[in-house]
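Chains as they are written, first to last, in this note's numbering: chain A, 1 to 422; chain B, 1 to 322; chain C, 1 to 351.
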């Protein structure tokens, strides 16, 4: 008897669920994150559902690799989700849904401005494709406690890479710390310093060149620092191909004096370093090209092949509203790309004092981003260029190639990429 | 188990009985082969054929229809070398680095693998206590996923890992195992032997146990030395099994990818980048995705493998026909 | 004790004496245990360590955690330290906060007085403790049973289909003489040459055409056609004497009956090996499910666990716990099946 009741209820449940999904308009979001982004987004979309009866927003939290490698193939084959959080902003442009017909262009243009350009195919494209949910910026952290222990003065905001290298070495020596400096193994990370060094990345016509004298000079410096032990070899030399490796763990353990990474590490450091030592954001060192980091981050995009473009657009517009956007930035501890939110200052409720200071410092760094870095981030083949940089620079670091050979190879690689993607 | 399978088997029997009564026994073979051939056709041959077509096209589009035909340009680009022994002189230097890495890797890995699995199988074939347990011990790593294998050893070999701790206790300096190209390569070989040895051991063990006892007893009567018995009796009788092991180990060795990719990422530099990783990164994970080039590389790889296998089978042709 | 020694030293001849080859054998086996099992044991132990403990050098065998104490007036438990130098030497103090090189601490017995301690003078008090939170954190964040079910369904179905289909093909290739046999055999060996990793894109497009995307069958079916299985089983079935088949045919047994009542049971050892391999392949599969399955409700355990892996961060504590979690079921399966391999090989090997 009991079984029968159970079976009937189950049947009814299955049946009604089936009936519901038949009438509901289902929207799927592919999401991946390092922190709480997907959770918060899920909550916000639930509120959107309450305002839009019959709409069912489903969040698929996937491994980052799925967004990076599987999603483009799925899109090309005409399948995939309705929306996704992506990091290859320009590269996926052919599949984006243009929101322009559905949303208030003025609001979007005035709120997000130039960042909208990162999602566009070319400068003459004026579509609205992406909602930049989290803005990141690359820059450095230092272990302040180690500096104090060593009695070394912390270089000022205009200090160059050489100043920092010297100071970090002095600190590491005095405190017997394993690594003076480290930089994430990523072509995106090394781009900022290279631009600060004067690298132009693009020629006068806006065509990518990647390698020029200043770029080579920075790579040479970078390689030398690996040779003399200033940079942690573990990060760049410990990997091959274009695989990513960070040094966050080394920094958290207090084994690292100066760590060039980016704003996204703030939450993690706050949580995991706690009282162990004092850390501080120092931004990007200076050179003749300025003191720029690379901007970046991920954004929400809708795809052309969706069956419900108007709902996708409505959802994105909802998330773009100042209040909602501010809540997202505040709760996920990210720098807002929305101008009004940025000038009002996101409310990092519940963040500790060091984290709040760090986020404020990062926010201020946005103003120091060079136009070249900004353009590089928006260039559609930039991921290929990042990969080439990592691959070739690593070969120079481990001694498979000399710096000159590596840079020649990088130029040839870039030429091949441009030929294939014409 | 049996009672659940039996009805299913009886249902499958109906079409078989029908075909057998109509066409006779020998043609029934095709019916036995059919399901497998259909699956193979759709999910193995067809992708390979498509792969051929991809190899003849260029660009970064996914769908074959959108891709421009370039003929043999991809093959030419791969083969464009002044001196194939010096990857730096090649247009696709990374491809040739991967090739030579793979060659060295396979030579070392297959040699060590076959040697150690034979040794282990011989040991396990003795009358030892708790044989089932020991067999399990040696087979166990085979079950681990490639990522896990990589993770375990990365964890042990890292700067602050178990091995370095051991070295320091014994008064030696730490070694940064995975930052030195030679060490990283050696550990890659070790890791792959460690992870797959159990599989080949098991096959060889089955082969050893199939050798009739009386042959050994005869040898014992003749007072043949253990070494002589091994060389004159065990090895020849084990030859068919050895062939399976060699063919599989060679093919799988060339195809090594996941565990090393998770272990070293192919580094330092390109010291442990093997051919499948090159193909994967060129065609799938990289940016832009050069499917054509990757497909061309995979076809070259398949040709080489086919040639090697053919040579092996030919050299052992007495044993294959069984 | 004496019993154990005599048990350990009993040899094949039962003469109660170990000759040198036995010593070598057992030496080799013990080294095998250390080398094969040791790393896995180390992994499991490590997975119960806190992130801080994981980063310790030199590492310790057992997981430790810092002792804490509840003090009135503080919401969180405070960490306890032994003070080994300075003014407060010899006391046990709890940490309130640390600024630079100086820490504010209190004595849990006298919580009103705040003490200043140089961080060089303290030593954390620790005890053995399992960091179970590495695991519970994973469970809290997702629907474990759902993913376990998906993984199990895929593994069981794919293994069953593969075993049946492959053994049928192997039977045909080993026990029938027909035109085209060599061609088929060459084709089978030929597909061995190209691994799945290399044909991901065409395979994806075919799977899409068949409408199997985002369905568990899209993982099960393409994986069922493995040349390794056919090759392995065929090589084994060749060794089964033809006389047995002829005798059965005399008795008017149908070919199908010969296959499943005679050939299959006789090939049990090879099938058991293949079953273990198939289970392992499907269970551990990552790349292919990653492409085929994009909706969370269809995710396998491997995919779900990896969705904690963001772009930028890897955390050893979670990673190790995740690994142990996926390893567990397969270890159980192995313990169960390994008996069958052992008996299977023993029963066919003796003859």
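Quick reminder that beta carbons are idealized off the backbone N, C-alpha and C, glycines included.
- At a beta-carbon threshold of 7 angstroms, the residues of chain C lying near residue 136(B) are 338, ordered along the chain.
- Straight-line measurement puts the Cα of residue 126(B) at about 21 angstroms from the Cα of residue 37(C).
- Judged by DSSP secondary structure, residue 116(C) falls outside any alpha helix (DSSP H) and instead within the beta strand (DSSP E) spanning 110 to 118.
- Annotation for residue 136(A): the continuous beta strand (DSSP E) segment containing it runs 130 to 143.
- Using a CB distance below 7 angstroms, the part of the region 285 to 319 of chain B facing chain A consists of 285, 286, 287, 288, 290, ordered along the chain.
- When C-beta distances to chain C are compared with 7 angstroms, the residues of the region 55 to 74 of chain A below that value are 60, 61, 62, 63, 64, 65, 66, 70, 73, 74, in chain order.
- Rounded to the nearest whole angstrom, the C-alpha separation of residue 292(A) and residue 265(A) is 18 angstroms.
- Inside the region 171 to 216 of chain A, DSSP marks whole beta strand (DSSP E) runs of 3 or more residues at positions 179 to 183, from first to last along the chain.
- For residue 33(C), the nearest beta carbon of chain A is not closer than 8 angstroms to its own beta carbon.
- Contacts between residue 224(C) and chain B, judged by CB atoms closer than 7 angstroms, involve 39 in chain order.
- For residue 93(B), the enclosing alpha helix (DSSP H) has its first and last residue at 93 to 125.
- For residue 212(B), the number of other beta carbons within 10 angstroms of its own is below 16, and it is reported as exposed.
- Look at the beta carbons and you see the region 26 to 34 of chain A touching the region 82 to 97 of chain A: at least three pairs across the two are nearer than 8 angstroms.
- With a cut-off of 8 angstroms on Cβ pairs, the region 143 to 162 of chain A is not in contact with the region 106 to 118 of chain A, counting fewer than three such pairs.
- Approximately 20 angstroms separates the beta-carbon atoms of residue 102(B) and residue 197(B); this is outside 8 angstroms, ruling out the contact.
- Secondary structure at residue 97(A): coil, using DSSP grouped into helix, strand and coil.
- Around residue 181(B), the beta-carbon contacts reaching into chain A at under 7 angstroms are 398.
- With contacts defined by Cβ atoms closer than 8 angstroms, residue 79(B) and residue 193(C) do not form a contacting pair.
- With respect to residue 390(A), residue 226(A) sits apart: the two C-beta atoms are not nearer than 8 angstroms.
- Contact of residue 62(B) with chain A is assigned, a C-beta pair being separated by under 8 angstroms.
- For the pair of segments examined, the region 103 to 111 of chain A was found not to touch the region 149 to 165 of chain A: the number of CB pairs separated by less than 8 angstroms stays below three.
- Within the DSSP secondary-structure output, residue 57(B) pairs in a beta bridge with 69(B).
- Cβ contact annotation for residue 245(A) (same chain, cutoff 6 angstroms, sequence separation greater than five): 185, 235, 239, in chain order.
- The three-state reading of DSSP puts residue 68(C) in strand, counting E and B together.
- Judged by DSSP in its simplified three-state form, residue 170(B) adopts coil rather than helix or strand.
- Within the same chain, Cβ atoms closer than 7 angstroms to the Cβ of residue 248(C) are found at 258, 262, the five residues on either side in sequence being excluded.
- Taking C-beta separations shorter than 7 angstroms and ignoring five residues to either side along the sequence, residue 9(B) has no partners in its chain.
- Close CB contacts of residue 322(A) within its chain, under the 7 angstroms cut and outside five residues either way in sequence, are with 338, 340, 341 (chain order).
- Looking at the DSSP output, residue 286(A) shares a beta bridge with 160(A).
- In this structure, DSSP gives residue 407(A) a helical state, which the three-state scheme calls helix.
- Each of 308(A), 259(A), 131(A) was checked against the Cα of residue 55(A), and the nearest Cα belongs to 308(A).
- Close CB contacts of residue 24(A) within its chain, under the 8 angstroms cut and outside five residues either way in sequence, are with 54, 55, 56 (chain order).
- A residue is called buried once 16 or more other Cβ atoms fall within 10 Å of its Cβ, and residue 172(B), having fewer, is exposed.
- Secondary structure at residue 62(B): coil, using DSSP grouped into helix, strand and coil.
- Restricting attention to alpha helix (DSSP H) runs no shorter than 4 residues, the region 218 to 266 of chain B encloses them at 226 to 229, 235 to 254, 258 to 263, ordered along the chain.
- Per DSSP, residue 80(C) is one residue of the beta strand (DSSP E) stretching across 78 to 83.
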